[in-house]
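K.L.:
Per numbering that gives the first Met the number 0: the sequence shown = residues 0 to 479. Cβ coordinates follow ideal geometry from the N, Cα and C atoms, glycine included. Remember, predicted model here, so these are calculated numbers, not experimental data.
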Amino acid sequence: MHKAWGACIACLAASFLSPAAAAASGDGACMTVPGVPAVPGSARKISDFGARADDAEDDTAQIQAALDSLAPGEWLVFDKPGRYLIGKRLSIRRPNVTVYGAGATIHATNPSDQAIMIQADGVRLYRLTKTAVTTSRQSTPWSAGIAVYLDVGGKRTPVKNVVIQGNTITNAGPDDSPEANGAASAGIILFKAYNFLVAENTVKRSLADGIHITSGSRDGRVLANKVRESGDDMLAVVSYVGGKAAESSGERAAEDWATRQDAGINKNIVLANNDLQGQYWGRGISLLGVDGATVKGNTVAHSPMAAGILVARESSYLTFGVNNALIEGNTLREIQTSEPSYNRGGKWKSLSLTGHGAIELQNMLFKDEAAIAVLRQDLAVRNVLVRNNTIDKARGAGVRVGAATGIAAGERLPVRGSIESVGLDRNTMTAVGSGLAITAEGVQAGSLWCSGNKRDGQAATSNLCQGAAAPSVKGAACEP
0 MHKAWGACIA CLAASFLSPA AAAASGDGAC MTVPGVPAVP GSARKISDFG
50 ARADDAEDDT AQIQAALDSL APGEWLVFDK PGRYLIGKRL SIRRPNVTVY
100 GAGATIHATN PSDQAIMIQA DGVRLYRLTK TAVTTSRQST PWSAGIAVYL
150 DVGGKRTPVK NVVIQGNTIT NAGPDDSPEA NGAASAGIIL FKAYNFLVAE
200 NTVKRSLADG IHITSGSRDG RVLANKVRES GDDMLAVVSY VGGKAAESSG
250 ERAAEDWATR QDAGINKNIV LANNDLQGQY WGRGISLLGV DGATVKGNTV
300 AHSPMAAGIL VARESSYLTF GVNNALIEGN TLREIQTSEP SYNRGGKWKS
350 LSLTGHGAIE LQNMLFKDEA AIAVLRQDLA VRNVLVRNNT IDKARGAGVR
400 VGAATGIAAG ERLPVRGSIE SVGLDRNTMT AVGSGLAITA EGVQAGSLWC
450 SGNKRDGQAA TSNLCQGAAA PSVKGAACEP
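1) Considering Cα atoms alone, identify which of G165, E199, I168, A235 is closest to F482.
2) Under 7 Å: does the beta carbon of T429 sit that close to some heavy atom of the ligand ATP?
3) Between the Cα of S433 and those of K453, E440, G445, spot the shortest distance and give me the residue it belongs to.
4) Quick one: grab the DSSP three-state call for C464.
5) Return the first residue and the last residue of the beta strand (DSSP E) that Q361 is part of.
6) Between the alpha carbons of S216 and A271, how many angstroms are there, rounded?
7) Taking C-alpha atoms, which residue in K129, R136, A244, R386 lies nearest to P80?
8) Given 8 Å as the limit, is there contact between the region 315-331 and the region 382-396, that is, 3 or more CB pairs closer than that?
9) Where does the unbroken beta strand (DSSP E) through R259 begin, and where does it stop?
10) What is the DSSP secondary structure of S184, counted as helix, strand or coil?
11) Counting contacts by CB-CB distance shorter than 8 Å, is N342 in contact with chain D?
12) Helix, strand or coil, according to DSSP, for S337 in the structure here?
13) Looking at R88: is its Cβ nearer than 8 Å to the Cβ of D112?
14) Any chance the region 59-66 sits against the region 24-41, with 3 or more Cβ pairs inside 8 Å?
15) Scan the region 61-97 and note each continuous beta strand (DSSP E) run of 3 residues or more that stays entirely inside, going in chain order.
16) Extract the residue ranges of the beta strand (DSSP E) inside the region 258-315, only unbroken runs of 3 or more that lie entirely within it.
17) I'd like to know whether the C-beta atoms of L325 and K473 end up nearer to each other than 8 Å.
18) Might you give, ordered along the chain, the residues of its own chain that have their beta carbon closer than 8 Å to the beta carbon of W347, omitting 5 neighbours on each side?
19) Throw me the rounded Cβ distance for the K203 and R220 pair, which I believe falls under 8 Å.
20) Can you check the region 194-231 for any beta strand (DSSP E) of at least 3 residues that lies completely inside it and give the ranges in chain order?
21) Among A436, T59, A52, whose alpha-carbon lies nearest the alpha-carbon of N462?
22) Using CA atoms only, rank isn't needed, just tell me which of Q260, G165, G152, D231 is closest to A183.
23) Report back the beta-carbon spacing between A198 and Q164 to the nearest angstrom; my notes put them in contact at under 8 Å.
24) Specify the secondary structure class of I45 as computed by DSSP and reduced to three states.
25) Where DSSP assigns a beta bridge to W448, which residues make up the other side?
26) Just checking, does the region 129-141 make contact with the region 151-163 on the three C-beta pairs under 8 Å criterion?
27) According to DSSP, simplified to helix, strand and coil, what is Q164?
28) Whose C-alpha, out of K295, N323, N297, G121, is nearest the C-alpha of E419?
29) Which residues share a DSSP beta bridge with N322?
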């Protein structure tokens with residue numbers, strides 16, 4: 000068990016779990032969604048600060064004043080249901096406060112400055128609906144629906160013990176209208192969030208990822224959320240080495256590699272029981288730079304162009320490697336078999352199909368990275384167990400390992416990186432293009448173990464399944 004995660008479980012149990020759940024052991028407690036606490040009688044009311052729902056007036060100043068007035072331990076309640084207009088981001092800057100939507104909607108009118116920003120430890124955000132005007136896809140934290148992001152002196156700073164639960168980010172208008180999408184970038188995005196819970200939220204029509212976890216976030220749980228019709232990955236755990244691919248080099252990255260990796264890679268993330276369907280670009284779930292991940296009990300359906308679950312290192316985006324990932328008990332269906340129900344701007348095209356397996360493991364490096372031993376080792380995809388997943392209807396393989404083609408970046412040429420210590424165990428596949436598709440060049444010899452996989456009721460294996468035993472994979476350490 001990672002010491003940081005073991006230490007944080009006590010605070011998770013105290014802050015997030017019911018006593019019964021905290022007393023349980025293993026996955027039961029880790030994957031239990033706590034109830035939303037009752038609103039105290041002492042809660043402060045947004046109406047007392049002059050914010051008014053369902054009028055044409057901008058309420059940014061009034062809501063921000065209310066947020067800034069809170070003392071640690073206080074609640075702010077949107078006591079009048081309806082729609083409140085904001086013309087720029089809202090920032091929750093006071094620690095250990097709770098904001099409760101109570102059925103209210105915050106509607107952002109500025110396409111490039113619209114997020115609810117969580118910038119203090121111990122913030123809890125419950126049951127708020129967020130809608131927005133959007134034009135084109137953005138990439139800043141403040142263009143998201145909800146963002147956990149704190150910059151101090153130009154440096155991303157950890158934000159701890161945040162709860163984002165029961166919120167809805169959705170479109171407010173019909174297709175092709177300015178309100179056709181729910182957020183200009185990600186629906187919910189977390190930068191360097193520690194000991195967090197994202198649970199029971201609904202994200203619909205974010206122009207970027209539905210839920211995105213990045214920048215060295217760690218010790219977090221993403222549970223029982225629903226994502227629909229996102230413009231990129233529905234649920235992504237991604238961390239970046241830094242820099243631009245064409246301008247960087249392996250030698251430059253290696254200069255401060257240990258520091259860079261310790262600060263930047265995501266660690267100990269649980270993704271469980273999420274319901275993900277119908278994005279028009281990207282993947283269902285992606286693990287791209289994480290040390291310790293559990294992906295369990297999720298449903299991924301109608302992923303029209305790429306993998307339902309991708310575990311990879313991507314050279315073109317300079318992501319970190321993946322280590323200790325458990326992919327277990329997920330249900331995947333209709334992977335690259337149908338057009339998306341919502342296809343903003345015609346972004347999805349039949350020519351854009353990737354050929355991924357429903358579950359895809361791949362690794363690409365640049366040649367200058369592969370030439371440096373520590374980078375070649377740490378940028379591997381290793382210690383991955385894919386177990387007891389159900390796959391129904393996929394254009395490509397049920398599970399594909401090692402097949403990838405990278406993209407050159409300037410003078411930098413791509414090569415396959417190492418995939419090692421992988422187990423494929425008792426996965427059930429029906430109506431798939433092929434069962435297990437393994438590329439020898441992409442997998443370390445003798446390190447792939449397979450057992451009990453079936454395609455259409457028959458045994459499915461590969462002559463490259465030469466491992467003697469299942470890899471030792473625990474996934475994210477998460478015990479009370």
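P.N.:
Let me spell this out:
1) Since the first residue of the chain shown is 0 and the last is 479, residue 482 is not available in this structure.
2) For the structure depicted, the ligand ATP is absent and the ligand set is empty, with no information on it obtainable.
3) K453
4) coil
5) 358-365
6) 17 Å
7) The residue with the shortest Cα to Cα distance from P80 is K129.
8) The region 315-331 vs the region 382-396: in contact.
9) Premise fails: R259 lies in the alpha helix (DSSP H), 256-263, not in any beta strand (DSSP E).
10) coil
11) No chain D appears in this structure, which consists of one protein chain only.
12) coil
13) yes
14) Judged by pairs of C-beta atoms under 8 Å, the region 59-66 does not touch the region 24-41, as fewer than three such pairs exist.
15) 74-76, 82-85, 89-91
16) 265-271, 274-276, 284-287, 289-295, 298-302, 308-312
17) yes
18) Closer than 8 Å at the Cβ level, and outside the excluded window around W347, lie Y279, W280, P303, M304, E338, P339.
19) Going by Cβ atoms, the distance from K203 to R220 rounds to 22 Å, so no, they are not a contact pair.
20) 196-198, 201-203, 210-213, 217-222, 225-227
21) A436
22) D231
23) 5 Å
24) In the structure shown, I45 sits in a helix (DSSP, three-state: H, G or I).
25) G422
26) no
27) strand
28) Scanning K295, N323, N297, G121 for the CA closest to the CA of E419 turns up N323.
29) D290, R381
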